[in-house]
Amino acid sequence: MLQGKLITMDEFTIQETRKFPQATGELSSLLRDIALAGKVINKQVRKAGLSDILGTQGATNVQGEEQMKLDVLADQTLIHILKNSNDCAGIASEENDNHVCYEDTFSANSKYVVLFDPLDGSSNIDVNASIGTIFSIYRRVSELGKTCVEADFLQPGNKLMAAGYIIYGSSTMLVYATKLGVNGFTLEPSIGEFCLSHPNIKCPEMGKIYSLNQGNTNRFSEGMKAYLDYCMENNKEEGRPYSHRYIGSMVGDLHRTLIKGGIFMYPADKKSVKGKLRLQYECNPMAFIVEAAGGVASTGYCDILDVVPTELHQRVPIYIGSKKMIEKALEFVKEKEAVA
Ligand code: AHM
Ligand code: MG
Numbered sequence: 001m002l003q004g005k006l007i008t009m010d011e012f013t014i015q016e017t018r019k020f021p022q023a024t025g026e027l028s029s030l031l032r033d034i035a036l037a038g039k040v041i042n043k044q045v046r047k048a049g050l051s052d053i054l055g056t057q058g059a060t061n062v063q064g065e066e067q068m069k070l071d072v073l074a075d076q077t078l079i080h081i082l083k084n085s086n087d088c089a090g091i092a093s094e095e096n097d098n099h100v101c102y103e104d105t106f107s108a109n110s111k112y113v114v115l116f117d118p119l120d121g122s123s124n125i126d127v128n129a130s131i132g133t134i135f136s137i138y139r140r141v142s143e144l145g146k147t148c149v150e151a152d153f154l155q156p157g158n159k160l161m162a163a164g165y166i167i168y169g170s171s172t173m174l175v176y177a178t179k180l181g182v183n184g185f186t187l188e189p190s191i192g193e194f195c196l197s198h199p200n201i202k203c204p205e206m207g208k209i210y211s212l213n214q215g216n217t218n219r220f221s222e223g224m225k226a227y228l229d230y231c232m233e234n235n236k237e238e239g240r241p242y243s244h245r246y247i248g249s250m251v252g253d254l255h256r257t258l259i260k261g262g263i264f265m266y267p268a269d270k271k272s273v274k275g276k277l278r279l280q281y282e283c284n285p286m287a288f289i290v291e292a293a294g295g296v297a298s299t300g301y302c303d304i305l306d307v308v309p310t311e312l313h314q315r316v317p318i319y320i321g322s323k324k325m326i327e328k329a330l331e332f333v334k335e336k337e338a339v340a
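Shown next as structure tokens:
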């Protein structure tokens with residue numbers, strides 16, 4: 001912690017808010033509610049091996065994937081806490097078909113909507129690897145005083161007010177970004193508070209790690225295959241091959257990329273022609289965080305944050321991480337694609 005003095009996330013966000021006399025504190029208050037949901041989900045995750053909450057719920061979500069019990073618990077926790085918040089007009093979740101509008105007067109007068117992937121990387125639950133919650137906050141475009149509408153949730157990432165994730169790893173951390181920058185807070189279990197542990201996070205311009213599901217290589221484009229060869233060669237930048245790391249949990253892989261530098265990719269391939277990861281729940285919030293930390297996030301053709309969503313559960317290819325590594329990867333991807 002900073003010079004032995006704990007700064008809680010609440011203290012930090014209040015101090016940040018004071019820099020802007022016109023700020024109402026609603027965003028800070030919403031972040032506090034999301035942090036509370038993170039603490040409740042953390043408690044559920046930490047006892048996963050001890051109670052009867054491992055295994056599947058027996059249902060499939062809108063993308064046809066099997067839901068784990070913890071996914072459902074995390075989803076319900078966020079929906080419930082944000083419904084009781086004074087500052088959230090409605091939510092959209094990766095686990096639900098449609099957005100949810102909160103209909104009470106307080107919610108209808110709230111200016112923000114929240115999108116989330118309640119428990120990303122859930123295939124890692126049974127093997128005790130890192131998983132996380134990803135969230136995004138937009139200012140609604142619909143009229144205050146009325147219930148929110150789908151258009152509030154279909155805004156491009158460049159309209160985000162804030163985004164973040166909570167990683168349930170060897171410790172539990174909440175990392176959030178605004179346009180001012182990125183800060184990380186570690187859960188201090190003895191006081192039950194997220195405390196500032198990683199101030200002003202910057203994603204290094206270069207890293208030594210490439211991260212993707214390399215098992216999909218046969219289905220990749222020629223440009224992507226050529227870039228993978230480059231990663232495995234004694235490349236110019238490093239004089240040796242990059243190291244490969246892949247947890248299969250976007251939050252875990254991106255947290256490492258943000259702190260240590262590197263490149264994380266989930267490209268389109270012959271089977272998943274639009275990529276796998278979801279624009280609104282995974283790619284936009286992560287792109288916003290990484291770009292606020294000085295990194296880059298691209299679909300291969302444009303900045304992730306410039307993609308205008310047309311549907312809630314849209315997927316996009318993603319290349320994200322250290323600026324110089326992304327630029328290099330895009331040279332390969334664009335060059336070969338142009339010839340094909
Ligand atoms: P989920 O939201 O259903 O957990 O799926 C998203 C996850 C990401 O966390 C991860 O990067 C990716 O799917 C892993 O996919 P794959 O197993 O195809 O490599
Ligand atoms: Mg996910």
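At position 126 of the sequence shown (counting the first as 1) the number is 126 in the working numbering, and the numbers step up by one without a gap.
Note that CB positions come from ideal geometry on N, CA and C, so glycine has one too.
By the three-class DSSP mapping on this structure, what secondary structure does residue i have?
| i | result |
| --- | --- |
| S272 | coil |
| T299 | coil |
| V339 | Only weak support exists for where V339 lies, its pLDDT of 43 falling under 50; the value from the coordinates is given anyway. V339 falls in the helix class under three-state DSSP. |
| Y102 | coil |
| A74 | helix |
| T8 | strand |
| I79 | helix |
| M1 | A caution first: M1 carries a pLDDT of 46, below 50, which makes its placement in the model too unreliable to give a value. |
| I137 | strand |
| H354 | Given a span of 1 to 340 for the chain in the structure shown, any question on residue 354 remains unanswerable. |
| E193 | strand |
| T160 | It is worth fixing the name first, because residue 160 is Leu in this sequence and not Thr. Residue state, collapsed to three classes: strand. |
| A177 | strand |
| P285 | helix |
| T24 | coil |
| F116 | strand |
| T147 | coil |
| N124 | helix |
| I131 | strand |
| A329 | helix |
| G321 | strand |
Just to check, is the beta-carbon of residue i closer than 8 Å to a non-hydrogen atom of the ligand MG?
| i | result |
| --- | --- |
| G275 | no |
| I134 | yes |
| D33 | no |
| M250 | yes |
| E16 | no |
| R278 | yes |
Cutting at 8 Å between CB atoms, please list the residues of its own chain near residue i, excluding the five before and the five after it.
| i | result |
| --- | --- |
| G261 | C203, P204, E205, M206, G207, K208, I209, G321, S322, M325 |
| T17 | A23, G25, L27, S28 |
Go through its chain and collect everything with a Cβ distance to residue i's Cβ below 6 Å, but skip five positions before and after it.
| i | result |
| --- | --- |
| Y266 | G275, K276, L277, I318 |
| M232 | P241 |
| A89 | S107, S110, V113, R140, C148 |
| T257 | F264, G321 |
| H341 | The structure shown does not extend to residue 341, since the chain is modelled only from 1 through 340, so no value can be given for it. |
| Q15 | none |
| Q314 | L279 |
| D120 | G132, I134, M250, V251 |
Is any non-hydrogen atom of the ligand AHM found closer than 8 Å to the C-beta of residue i, if you look at the structure I gave you?
| i | result |
| --- | --- |
| S123 | yes |
| H174 | Rather than His, the amino acid found at residue 174 in this sequence is Leu. Checking the Cβ of L174 against the ligand AHM gives no. |
| S142 | no |
| N216 | yes |
| Y246 | yes |
| L119 | yes |
| N109 | no |
Could you check whether residue j and residue i sit closer than 9 Å to each other, using their CB atoms as the reference points?
| i | j | result |
| --- | --- | --- |
| F153 | L312 | yes |
| G132 | A292 | no |
| H99 | E26 | no |
| E327 | V290 | no |
| Y165 | P285 | yes |
| A35 | F194 | yes |
| S130 | G252 | yes |
| I7 | L196 | yes |
| V40 | L70 | no |
| Y281 | S136 | yes |
| H255 | I167 | yes |
Spatial neighbours of residue i within its chain, please: C-beta separation below 7 Å, excluding the five flanking residues on both sides.
| i | result |
| --- | --- |
| M224 | P267, V333 |
| T13 | S28, L31 |
| L144 | N109, K111 |
In whole angstroms, what separates the C-alpha of residue i from that of residue j?
| i | j | result |
| --- | --- | --- |
| G38 | G239 | 42 Å |
| K83 | L174 | 21 Å |
| L73 | A226 | 42 Å |
| S249 | I259 | 16 Å |
| D117 | D303 | 21 Å |
| A340 | T172 | Legend: pLDDT at A340 = 36, less than 50; position of this residue unreliable, value from coordinates given subsequently. Between A340 and T172, the C-alpha separation is close to 45 Å. |
| G294 | T77 | 32 Å |
| R219 | V273 | 10 Å |
| D33 | V307 | 28 Å |
| A92 | N235 | 43 Å |
| E95 | H80 | 14 Å |
| K5 | D75 | 34 Å |
| K271 | N86 | 43 Å |
| S211 | D104 | 44 Å |
| S243 | Y102 | 46 Å |
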